[in-house]
Structure formats: structure tokens, C-alpha cells
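**Q**
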Amino acid sequence: MAKPILLLNCGSSSIKYQVIDAETEQVAASGLIQRIGEAGSTIDHEVGEAEHHIEEPFADHAAALRELVSLFAEVGPDLSQVAAVGHRCVHGGTRFSKTTLIDESVVDAMRELSPLAPLHNPPGIQGIEAARAVLPDVPHVAIFDTAFFTTLPAEAYTYALPTELAAAHHIRKYGFHGTSHSYVSKKVAEFLGQPYDSLNQIVLHLGNGASVSAIQQGKAVETSMGLTPLAGLIMGTRSGDVDPGLHAYLGRVLGLGLDEIDALLNRQSGMLGLAGATDFRDINAKIQAGDKRAALAMDVYIHRLLTYVGAYIAVLGQVDALTFTAGVGENDFRVRAHLIKRLAPLGFELDEAVNEVRSKEPRVISTANSRVTVLVVPTNEELAMARETLAAISQ
Ligand code: AMP
1233 MAKPILLLNC
1243 GSSSIKYQVI
1253 DAETEQVAAS
1263 GLIQRIGEAG
1273 STIDHEVGEA
1283 EHHIEEPFAD
1293 HAAALRELVS
1303 LFAEVGPDLS
1313 QVAAVGHRCV
1323 HGGTRFSKTT
1333 LIDESVVDAM
1343 RELSPLAPLH
1353 NPPGIQGIEA
1363 ARAVLPDVPH
1373 VAIFDTAFFT
1383 TLPAEAYTYA
1393 LPTELAAAHH
1403 IRKYGFHGTS
1413 HSYVSKKVAE
1423 FLGQPYDSLN
1433 QIVLHLGNGA
1443 SVSAIQQGKA
1453 VETSMGLTPL
1463 AGLIMGTRSG
1473 DVDPGLHAYL
1483 GRVLGLGLDE
1493 IDALLNRQSG
1503 MLGLAGATDF
1513 RDINAKIQAG
1523 DKRAALAMDV
1533 YIHRLLTYVG
1543 AYIAVLGQVD
1553 ALTFTAGVGE
1563 NDFRVRAHLI
1573 KRLAPLGFEL
1583 DEAVNEVRSK
1593 EPRVISTANS
1603 RVTVLVVPTN
1613 EELAMARETL
1623 AAISQ
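Under my numbering, read the sequence shown as residues 1233 to 1627, first letter to last.
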């Protein structure tokens, strides 16, 4: 491999990884380390057609990464030639507006940002430190989920709170899934053969997590996630928007503490809370079987999407492209059809036959008469990260 890039996405007890050749953009290996710090840690490693499974306790991220490096040495691909390591970092605050070469000052700044992303930044930092110790001679690069949204105007990112309080505690809308929104919107411009900065776009990243962005002439101007990735659309297990008064109400009537309410809204709500399932294949099966809760859940999901898309059309004034991406957006033609039919009064027109064709390629699913071009574009966050990493080390 000419320029292998190792990409790491570290959770509190897991590490997802890929090796991508930055020149050919082929995936050379991928895998998942799970249950780090527990008795039954595992590595599932795929290289070409071969799959390797290792069960061994790893006390921490450093131990897991050391084992991973010896696994690479044993079964490939050869990591000794690795050109760089790219780390997915959830929260870059206002400090990081682009992909950044990691040094001590970057790690310190990420540590300072940890209160904003207590579930995500600390394991990310642990992963960075462990990877720098295991692979000390290659550049390490941080790719921030929030970076794409640092172009949001103040009117969009400011919450109506006391100004001094918000400033003192960095309270504002940040936006997340930026790597995906950036990759997909650029792919749309390329696919349509238009300059990126000539298009007004709405991107719907509908996966287990979900967010929508408005991009005006190449700059993000609105997005549905906020201070945290809990805001906005209805997700697999996350509620999305609720009345902020809900916290006080649940505290009063049920005596729930803030951490319990946070867990309720992050892990037991969304489609799981409404329909009893997170996967849209299961939800669709329930609807077909006549399950009324699941049918209502889908109506609520579509209604929330509609209110965001309507608002973002107003924000942009004129929209050239609306694009579906991620697990649900790429695969669930029913969700796409429900939403676009509701947008018919605004001049959207779906080509229903094309919408139902399954494909892994970017495609247009609107008719030639549609006022806005509607597309499905598969996201590829790892490839976007590999490109970002290569660009950062080539500067
Ligand atoms: P992601 O977070 O982008 O990986 O998306 C994962 C979600 O995509 C799953 O939880 C499913 O709800 C959804 N999904 C994946 N495949 C399909 C499919 N064939 N039909 C409907 N939904 C799907």
C-alpha cells in the first residue's frame, strides 16, 4: 500500500478502526475492539476476505491498541508504513474549525472541552494518547465532528440565555455529524457537476443518530443538533427536541435526577421509546403488521423532519438540492417517499419508481419537473476522514 492511513474512532469501551489507502481510497482492513476494561474484550478484524476474532482482556485503550498493532504485524496490512493516524473527535468547541495535527497543546485543549462532551471527548483523548504511545513516529490528526459547523452565523448558534452565562460556559449550538454533512454536500456538487459554492443544499443525515443541515453556497448556516447531539430530529434512542421545561417537570413529578433524565432522553427515547424498536426495518415490519404505536412513531418522525426542512427552506430562501444519507436515508424508500410527498406543495416531485430502486451509488430520485433536486448519496465518514488526514499532513 502506498499511503495507508489508520483511522480510529474511540468510545469509552470500544475502538472502531479502518485502514484506508489514501491514494487508491480502498479499505485495506477494518474492525472493532469491544469491551475494553472488562473481562471479555474482543477484536474482530477483517482484512480482505479473512476475518480474525481475538478474545483477550485489555485493561485499557493502550493495551488494546498494542495488541492491535501486533495483530496487524501478523495478518496484515503492514502498519510499519502507515502515513498517519486520523482520530475522530466529537467536540472541537469553537477552538477547532478544521482538521488539526495533534500535539500536546491540542490534547490539552480537548481536555478543556471535555465538560461539553463528557461521554465522547475523554475516551477520544485516551485513544489519542494510547495511539501516540504505540505509533510514536507518525503524525496524528484530529478530525472534529463540530468543525464543519463553525461557519454558523451568530443568529443561528446563539441560545436566548443570559449573554454572560452563555459566554462563560461556552453554551451555544455546535452541530455534529459534520464530517458526513461536509462529505455528502461536496459529493452532491460533484455529482451534479456544479461548483460547491454555487449551491444551496439541505442534507438529511438519517442514521441511528440523525441531523439535518442547511448549507448556503458551501457554508453551513443551520443544523439541528445543538450544544449536544441530543437536539433536533427524532433518532434511534434519542428524543431530539423536547420542551426544555420537561427536565423540571420530570424532577418534580418523578423525583428524577439530571443524570437519570439525560439517560432517559439519550438512551430510552426516540423511536425506541415510541415504537419499541430502533431499527427502521423492524419499525416498518411492525407497521405492516398493523402496529398502531409504530405507525404513530413514523408519523411523528416524518412530521419532525418536515418542520426542519420547511424551516431550512425559509432560512436558505432558495434550495437547489435536498439529499438523504446514512442508514435510514440511504435505505428506507418509505421514509423518503413520506417526506417528499409532504413537500409537494413546495414544488418537490418524487420519481417513485427510481426512489424504490436499491443502490449504493449517488442518485437523483426527483423528477425533471421538481423545483428542488432530491438525491440519495451514501455517506462515507471513514473515507472523508482519510482525505482530511492526508490533506492535514500534506500542508
Ligand atoms: P447508521 O447509524 O447510519 O449506521 O444507520 C443505522 C440505521 O439504519 C439502522 O438502525 C436502521 O434503522 C437503518 N437501516 C439500515 N438498513 C436499513 C434498511 N435496509 N431499511 C431501513 N432502514 C435501514
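Glycine is no exception: its CB is placed at the ideal position from the N, C-alpha and C atoms. Model, not experiment: these values are computed from the prediction.
1) Out of curiosity, what's the CA-to-CA distance linking I1360 and V1251?
2) Measuring CB atoms only, is the segment 1525-1544 touching the segment 1573-1582, in the sense that at least three cross pairs come out at less than 8 angstroms?
3) Spatial neighbours of L1439 within its chain, please: C-beta separation below 7 angstroms, excluding the five flanking residues on both sides.
4) In the DSSP assignment, find the unbroken alpha helix (DSSP H) run with Q1520 in it and report its ends.
5) Rounded to a whole number of angstroms, what is the C-alpha to C-alpha distance between L1482 and F1376?
6) Can you list the residues near ligand 1, meaning Cβ strictly closer than 7 angstroms to any non-hydrogen atom, in the order they appear in the chain?
7) Out of G1263, S1591, R1298, Q1313, which one is the CA nearest neighbour of D1253?
8) Which value, in whole angstroms, describes the spacing of the CA atoms of T1455 and K1235?
9) Thinking just about the alpha-carbon of each residue, which of A1452, Y1391, G1243, C1242 is nearest to the one in S1329?
10) List in chain order: all unbroken beta strand (DSSP E) runs of 3+ residues lying wholly within the segment 1352-1390.
11) Just how far apart, CA to CA, sit L1311 and Q1500?
12) Cβ of E1287 within 8 angstroms of Cβ of G1263?
13) Assuming S1445 is part of the beta strand (DSSP E), what are its boundary residues?
14) Taking N1516 as the reference, give the member of E1336, L1424, F1565, A1282 with the closest Cα.
15) Can you say whether D1552 is buried or exposed, counting buried as having 16 or more other CB atoms within 10 angstroms of its CB?
16) For A1365, does the count of other Cβ atoms within 10 angstroms reach 16, so buried, or fall short, so exposed?
17) Would you tell me roughly how many angstroms separate the C-alpha atoms of T1469 and G1356, rounded to the nearest one?
18) Would you say P1371 and I1625 are within 8 angstroms of each other, going by their C-beta atoms?
19) Kindly identify the DSSP beta-bridge partner or partners of G1318.
20) DSSP beta-bridge partners for K1573?
21) Cα separation between T1411 and L1615?
22) Give the secondary structure of Y1406 by DSSP, where H, G and I count as helix, E and B as strand, and everything else as coil.
23) Find out if the Cβ-Cβ distance for the pair I1447, S1471 is shorter than 8 angstroms.
24) Quick check: what's the CA-CA separation for L1490 versus H1479?
25) With 16 as the cutoff for other CB atoms within 10 Å, does E1387 come out buried or exposed?
26) For H1413 and Y1249, I'd like the C-alpha separation in whole angstroms.
27) Could you compute how far the alpha carbon of T1274 sits from the alpha carbon of I1265?
28) Could you tell me the boundaries of the alpha helix (DSSP H) in which I1534 lies?
29) Per DSSP, which one or two residues make a beta bridge with H1413?
30) Across which residues does DSSP place F1290 in a beta bridge pair?
31) Mind checking which residues open and close the beta strand (DSSP E) that includes G1263?
32) Assuming the contact rule is C-beta atoms closer than 8 angstroms, F1580 and V1604 should be a hit. Round their C-beta distance to whole Å, please.
33) Let me make sure I understand the geometry here. Which of G1508, G1505, M1503, G1425 has the alpha-carbon closest to that of R1595?
34) For the alpha helix (DSSP H) containing Y1481, list its first residue and its last residue.
35) Does the Cβ-Cβ distance between V1444 and L1465 come in under 8 angstroms?
36) Between the beta-carbon of T1326 and the beta-carbon of T1382, is there less than 8 angstroms?
**A** Per the coordinate set shown:
1) 16 angstroms
2) yes
3) This sequence places Gly at residue 1439; Leu is not what is there. Hits under 7 angstroms: A1558, G1559, V1560.
4) 1512-1520
5) 33 angstroms
6) G1439, N1440, G1441, G1468, T1510, D1511, F1512, R1513, N1516, A1558, G1559, V1560, N1563, D1564
7) Q1313
8) 34 angstroms
9) A1452
10) 1372-1376
11) 40 angstroms
12) no
13) 1442-1448
14) F1565
15) buried
16) exposed
17) 22 angstroms
18) yes
19) L1239, V1373
20) Beta-bridge pairing links K1573 to no other residue.
21) 10 angstroms
22) coil
23) no
24) 7 angstroms
25) exposed
26) 21 angstroms
27) 6 angstroms
28) 1524-1548
29) H1413 is not bridged to any residue.
30) Paired residue(s): none; F1290 is not in a bridge.
31) 1259-1266
32) 6 angstroms
33) G1425
34) 1478-1486
35) yes
36) yes
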